[in-house]
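Colleague: The structure's right below; bear with me while I get my questions together.
2 protein chains.
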Amino acid sequence: MIIKIDKNRPLPMYIQIRDEIKRLIKEGKFNPHEKLPPSRDLAKSLNISRNTVIQSYTLLEAEGFVYSVTGKGTFVNPRSIKKVCKNPDNYDVKRFNFESLFSIAWRRFEASVMSGLDKLTSYDNFKDYITFDSPNPDIENLPIENFRNSLINSIKKYEAQLFSSEKTEGFYQFREYLSKYMLKRGIYSDPDNILITSGIQQGLSIIGRLLIDPGDTVVLENLSYPGALSVFRSIQAHYIGVPGDKEGMDINILEKILKRKKVKLLYTIPTYQNPRGSVLSFDRRKALVELSEKYGFAIIEDDYAYELSFKGIEEIPIKAFDVSGNIFYMGSFSESLFPGIRLSWIIAPKHIIKKLSSLKKSEDIYTNLILQAAVLDFMEKGYFNKHLKQFKKILAKRYEVINYALTRYFPTEAKWNSIKGGPYMWIDLPSDIDSLDLLLKTREKGVLFAPDRIFAVEDLGHSGFRLKFSNVNEDKIWRGIEIIGNILKSMLSGG
Amino acid sequence: MIIKIDKNRPLPMYIQIRDEIKRLIKEGKFNPHEKLPPSRDLAKSLNISRNTVIQSYTLLEAEGFVYSVTGKGTFVNPRSIKKVCKNPDNYDVKRFNFESLFSIAWRRFEASVMSGLDKLTSYDNFKDYITFDSPNPDIENLPIENFRNSLINSIKKYEAQLFSSEKTEGFYQFREYLSKYMLKRGIYSDPDNILITSGIQQGLSIIGRLLIDPGDTVVLENLSYPGALSVFRSIQAHYIGVPGDKEGMDINILEKILKRKKVKLLYTIPTYQNPRGSVLSFDRRKALVELSEKYGFAIIEDDYAYELSFKGIEEIPIKAFDVSGNIFYMGSFSESLFPGIRLSWIIAPKHIIKKLSSLKKSEDIYTNLILQAAVLDFMEKGYFNKHLKQFKKILAKRYEVINYALTRYFPTEAKWNSIKGGPYMWIDLPSDIDSLDLLLKTREKGVLFAPDRIFAVEDLGHSGFRLKFSNVNEDKIWRGIEIIGNILKSMLSGG
């Protein structure tokens, strides 16, 4: 270590020494935690008093450049050293072959999900657009004030309990409330029949892990929720799509599939299906449960939009018919409240909930309690009901508007069914129109929607697209549908 | 449908009809959504006026027993029907063979994690005990008031943004803050080098999925964090434990392993290791990074307790030496703030963060923004630093007490090393003492700790246990250590 001091300079000696050591540290001449020369030695070599060196070291310590350990000496603080890798992502990739480390499971998953399709409508990229595909809630109608109150109330009420560790199953009082809440849907449950998950996605992921090995068969509605497809892909399931009509999944075609193939799991959204908006008819619901017992497969019932009925009809969940315990029911607050809350729940027999809990535990231990308690308060105080009432009114109004607009602006070749609830409408197109082509054209005019490819379990045989209208205001609905309709007409006339 | 009315009773006719239909619904004589007889028909068959029947139906609808659809008729509301399965868990398991559906992956996982060991010390079962194994924070020293303020501030500041959908990577402003915060640890990162996860557990789970196929080899310190073991078991990894001493993992033994076996991933807690409390020495840190490049494996550095230094020394993370990008750094708020927050972060090269994001997306889409924004405010306002300062003071005091108590009450056959930070101390025992036997005895006296088996990657060769003292007050530490010490002495003298 070469420290240059100049006794003729007007700067005090201890300042000069301090500056010199600072310079050496900054230039990377020290290792982190490297010991500085003992003050006695340095004093000797510089021919100055030991106290001067001690003064310098004290200053350096006060400035955070070094630290001292009693009886051991003074050491360089790693904080003060410039690191080798200064540019955050300037790694020398030639030194390390990451490619060789990726798992086969990942490679398969990557090949199936990295389509880039989501970029076409990614909300982030198109904030000023009229987007019939935004995952965000309707900002103007959010119950922010009441939710903040519930956050404050619940922390006041439960205090440290919310900050502590919790059983994987979820906040007990919340599960207790939900088990009563589910009675309204005809489902009997104890708190121990309920597992709180970080969104429906996590519920699907752990049920998938419980039941599916690579190659096992899962059945879905053809056209289904992309998140479910992504989960079943990631566990390398074999999946089959069942076509449907306005009454939901075609049960006869399902039985044909069941006869020729051992199916372990069926994933369905019977109410306000995503993306079709259809409701599985009462008779088909009963038939589906019977088939699941006859052919021995489990059912996941994704009831994400139960609350969003705007025709006053409450559909009865499939789970309400479950006498043998093979139906996993999933509810969620993502559409009924807001997606950012990341709270859903699974209802299943207790022995199954125990197994799912141990799988969830290996994924994220448990879901934070603070938001569970806040939602509980939000429901108990009646804020949730109030919010739903208002939201359903808005939804009904928007549905009316989109219906008018579709009738007025869309060509007769485009077909759609009326819906009774939920955030989605589905438009079927003639097979000579590609919905992706349409999207690329409407995007130029500032209008977005979700093309069929995103939802396709199997080839649909024709084209179509989904319109999410729950979070688009009436004016934008009107303008957006006009734009899509005009482009569609011009495409149909060969334009 | 048999409706009995009595024209001689003093009850109005429409009330009688209403009561009869209510009775029939309650007795399960109707299917959900079943149509009631048209008012005209029922009136005719009962020989009364149609208006009377309409009055009854109107009453039933107001009470929620039926609903009417204009032009179609009146239908039974499924809510009002008693369901087949009334007892929440009274499923007829004979009707459905769930056993045949469980995945092989699940069976393997179940066999490895369902040891029942955790029940021995499960905090829920032993709330009044002196427990040196509680996952909960120190309730008396929680910054609840400030955290509540941060929740309120952040909702005021970001409003709807927090309720909306977000990129899987996490709340941008939070990642931005963390990337600056990490500079203090000598790690250079952009927000895009950071992925927010729901706890370290989720981070481990997705890194595991990215790199490990069944049978791939993972190396851990022998004695390691049980949550990591659980993740690697769940993806059916082959794992090897490396023994360590008070300077951490033995690098020479590690290299011997690397020479004979292709290793894909090494998981380490270099600072305040769980369960040993040891700190990997500076030379070993450098050697470990060199080995990872030489033998081509990735490293997960779990830096869960970085902030909990109580000797004024800040260890330099391994990640700060990373020039080839093969080190996944993980930080967490579980020990430094509280476990219920469920927030951790991964730092890695951008191309790796993208891959991990798409895996996280398939697990839970993204972590809620509300708590990310609250922690951001908590840090920005200086609450976090204030909390840490106080917490480290308490920790230092408790460490002093536990050290005194151990010296005073523990037999000389029990050995432990001094520690510089973190919540854990490790006690080595002679091989003729089984820590599980010891636990069963101290449990009878109301004292709990975590026995070696929970942390064992491979057979340890002797016995030992972990004491978590960060959340036990001085009085309880003193009494608890006395009780364990006395029982230990009596066991050693053959008692």
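Residue numbers (my numbering), protein chains in the order written: chain V, 1 to 495; chain C, 1001 to 1495. Glycine included, each C-beta is placed from N, C-alpha and C at the ideal position.
1. According to a CB-to-CB cut-off of less than 9 Å, which residues of the region 1221-1247 of chain C neighbour chain V?
2. What separation, rounded to the nearest whole angstrom, lies between the Cα atoms of V:Ser39 and C:Arg1285?
3. Take C:Glu1307 as the anchor and find which of C:Met1249, C:Leu1288, C:Lys1389 has the nearest alpha-carbon.
4. Report the residue from V:Gly248, V:Gly208, V:Ser309, V:Asn252 whose alpha carbon sits nearest the alpha carbon of V:His238.
5. Is the beta carbon of C:Asn1077 closer than 8 Å to that of C:Phe1065?
6. So is V:Ile251 buried or exposed if we call it buried at 16+ other beta carbons inside 10 Å?
7. Taking C-beta pairs closer than 8 Å, name the residues in chain C that V:Trp106 reaches, listed in chain order.
8. Please return the same chain residues whose Cβ sits closer than 7 Å to the Cβ of V:Ile15, not counting the five positions on each side in sequence.
9. CA-CA distance, V:Leu223 and V:Tyr272?
10. Identify every run of the alpha helix (DSSP H) within the region 1162-1208 of chain C, keeping only runs that are complete inside it and at least 4 residues long; order them along the chain.
11. Using the three-state DSSP reduction, which class does C:Val1323 fall into: helix, strand or coil?
12. For a contact defined as C-beta to C-beta under 8 Å, what are the partners of C:Lys1381 on chain V?
13. Taking the CB atoms as reference points, tell me whether V:Asn326 and V:Ile299 lie closer together than 8 Å.
14. Output needed for V:Asn97: all residues of its chain with C-beta closer than 6 Å, excluding positions within five of it in sequence on either side, in chain order.
15. In whole angstroms, what is the alpha-carbon distance linking C:Tyr1177 and V:Asn136?
16. Any idea which residues DSSP pairs V:Lys476 with across the strands?
17. Tell me which residues share the same chain as C:Leu1438 and place their Cβ nearer than 6 Å to its Cβ, disregarding the 5 neighbours each side in the sequence.
18. Give the list of continuous alpha helix (DSSP H) stretches no shorter than 4 residues that lie fully inside the region 401-482 of chain V.
19. In or out: V:Asp377 buried (at least 16 other Cβ within 10 Å) or exposed?
20. So the candidates are V:Arg95, V:Ser122, V:Ile130, V:Lys157; which of them puts its Cα closest to the Cα of V:Lys445?
21. Does any C-beta atom of chain V lie closer than 8 Å to the C-beta of C:Arg1466?
22. Determine the contact status of C:Pro1317 and C:Tyr1329, defining contact as a CB-CB distance below 8 Å.
23. What are the partner residues of V:Leu220, as DSSP defines its beta bridges?
24. Find out if the Cβ-Cβ distance for the pair V:Ile144, C:Ile1155 is shorter than 8 Å.
25. On the three-state DSSP scale, how would you describe V:Tyr329?
26. Does the ligand SAH have a heavy atom nearer than 7 Å to the CB of V:Arg453?
27. Apart from the five residues just before and just after C:Phe1496, which ones in its own chain have a Cβ nearer than 7 Å to its Cβ?
28. Smallest Cα separation from C:Asp1133: which of C:Ile1483, C:Tyr1424, C:Leu1488, C:Arg1479?
29. Using only alpha-carbon positions, find the residue among C:Phe1282, C:Arg1276, C:Gly1296, C:Glu1290 that is nearest to C:Ala1305.
30. Between which two residues does the alpha helix (DSSP H) carrying V:Ala287 extend?
31. Would you say C:Lys1420 reaches chain V, if we count a Cβ-Cβ gap shorter than 8 Å as a contact?
32. By the DSSP assignment, the beta strand (DSSP E) with C:Ser1344 in it spans what residues?
33. Tell me the DSSP bridge mates of C:Gly1073?
34. Is the beta carbon of V:Phe465 closer than 8 Å to that of V:Asp452?
35. Apart from the five residues on each side of it in sequence, which residues of its chain come closer than 7 Å, Cβ to Cβ, to C:Met1013?
36. Name the DSSP bridge partner or partners of C:Gly1248?
Modeller: Result, derived from the coordinates:
1. For the region 1221-1247 of chain C, which is checked against every Cβ of chain V, the residues closer than 9 Å are Gly1227, Ser1230, Val1231, Arg1233, Ser1234, Ile1235.
2. Numbered from 1 along the first sequence, position 39 holds the residue referred to as residue 39 of chain V. Numbered from 1 along the second sequence, position 285 holds the residue referred to as residue 1285 of chain C. Going by the C-alpha atoms only, they are around 28 Å apart.
3. On the second sequence, residue 1307 of chain C is found 307 positions in, with the first residue counted as 1. Checked all of C:Met1249, C:Leu1288, C:Lys1389; the closest Cα to C:Glu1307 is C:Lys1389.
4. Residue numbering aside, residue 238 of chain V sits at position 238 when the first sequence is read from its first letter. Per the Cα distances, V:Gly208.
5. To locate residue 1065 of chain C, count along the second sequence from 1; it is residue 65. To locate residue 1077 of chain C, count along the second sequence from 1; it is residue 77. For C:Phe1065 and C:Asn1077, yes; Cβs fall inside 8 Å.
6. As a working note, residue 251 of chain V is residue 251 in the first sequence. Under this definition V:Ile251 is a buried residue.
7. On the first sequence, position 106 is the one that residue 106 of chain V refers to. Under the 8 Å cutoff, chain C gives Arg1209, Leu1210, Leu1211, Lys1355, Leu1359.
8. For the purposes of this step, residue 15 of chain V is identified with residue 15 of the first sequence, where counting begins at 1. Result list for V:Ile15: empty, nothing under 7 Å.
9. For this step, residue 223 of chain V is matched to residue 223 along the first sequence. For this step, residue 272 of chain V is matched to residue 272 along the first sequence. If I take the Cα positions, the gap works out to 13 Å.
10. 1172-1181
11. Taking the second sequence and counting its residues from 1, the one referred to as residue 1323 of chain C is at position 323. Of the three classes helix, strand and coil, the one that applies to C:Val1323 here is coil, per DSSP.
12. As a first step, residue 1381 of chain C is located in the second sequence; it is residue number 381 there, counting from the start. Chain V residues near C:Lys1381: none, gap ~17 Å exceeds 8 Å.
13. Looking up residue 326 of chain V in the first sequence gives position 326. Looking up residue 299 of chain V in the first sequence gives position 299. Cβ atoms of V:Asn326 and V:Ile299: closer than 8 Å.
14. Working through the first sequence from its first residue, we reach residue 97 of chain V at position 97. Closer than 6 Å at the Cβ level, and outside the excluded window around V:Asn97, lies no residue.
15. Here the question's residue 1177 of chain C lines up with position 177 in the second sequence. Here the question's residue 136 of chain V lines up with position 136 in the first sequence. So the alpha carbons of these two residues sit roughly 24 Å apart.
16. In the first sequence, the residue the question calls residue 476 of chain V occupies position 476. DSSP lists no partner for V:Lys476.
17. In the second sequence, counting from the first residue as 1, residue 1438 of chain C sits at position 438. Closer than 6 Å at Cβ, skipping near neighbours: no residue.
18. If only complete runs of 4 or more residues are kept, the region 401-482 of chain V shows the alpha helix (DSSP H) at 435-444, in order along the chain.
19. Taking the first residue of the first sequence as position 1, residue 377 of chain V is located at position 377. V:Asp377 should be labelled buried.
20. Position 445 of the first sequence, counted from the start, is the residue given in the question as residue 445 of chain V. The residue with the shortest Cα to Cα distance from V:Lys445 is V:Ile130.
21. Against the second sequence, residue 1466 of chain C aligns to sequence position 466. Output row for C:Arg1466: interface = no.
22. Within the second sequence, the letter at position 317 stands for residue 1317 of chain C. Within the second sequence, the letter at position 329 stands for residue 1329 of chain C. Yes; because the gap between Cβ atoms is below 8 Å, this pair is in contact.
23. Residue numbering aside, residue 220 of chain V sits at position 220 when the first sequence is read from its first letter. Answer is V:Gly241, V:Tyr267.
24. Counted from its first residue, the first sequence places residue 144 of chain V at position 144. Counted from its first residue, the second sequence places residue 1155 of chain C at position 155. The answer is yes: Cβ separation under 8 Å.
25. Residue numbering aside, residue 329 of chain V sits at position 329 when the first sequence is read from its first letter. Residue state, collapsed to three classes: strand.
26. Judged by which ligands are present, the structure shown has none, so any question about the ligand SAH falls away.
27. Because chain C here runs from 1001 to 1495, residue 1496 of chain C falls outside it and cannot be looked at.
28. Indexing the second sequence from 1 puts residue 1133 of chain C at position 133. Relative to the Cα of C:Asp1133, the nearest Cα in the group C:Ile1483, C:Tyr1424, C:Leu1488, C:Arg1479 belongs to C:Tyr1424.
29. Position 305 of the second sequence holds residue 1305 of chain C. Looking at the Cα atoms, C:Arg1276 is the closest of the given residues.
30. Taking the first residue of the first sequence as 1, we reach residue 287 of chain V at position 287. Looking at the DSSP string, the run of the alpha helix (DSSP H) that includes V:Ala287 is 282-295.
31. Here residue 1420 of chain C refers to the residue found at position 420 of the second sequence. It does not; no Cβ of chain V falls within 8 Å.
32. If you number the second sequence from 1, residue 1344 of chain C lands on position 344. Its beta strand (DSSP E) spans residues 1344-1347.
33. For the purposes of this step, residue 1073 of chain C is identified with residue 73 of the second sequence, where counting begins at 1. BP columns for C:Gly1073 point to C:Val1069.
34. Taking the first residue of the first sequence as position 1, residue 452 of chain V is located at position 452. Taking the first residue of the first sequence as position 1, residue 465 of chain V is located at position 465. In this structure, V:Phe465 lies closer than 8 Å to V:Asp452 by Cβ.
35. Counting from 1 along the second sequence, the entry for residue 1013 of chain C is found at position 13. Excluding the 5 residues flanking it on each side, C:Met1013 has same chain C-beta neighbours closer than 7 Å at Ile1005, Ile1048, Thr1052, in chain order.
36. Here residue 1248 of chain C refers to the residue found at position 248 when the second sequence is read from its first residue. For C:Gly1248, which the question treats as bridged, DSSP gives the partners C:Asp1245.
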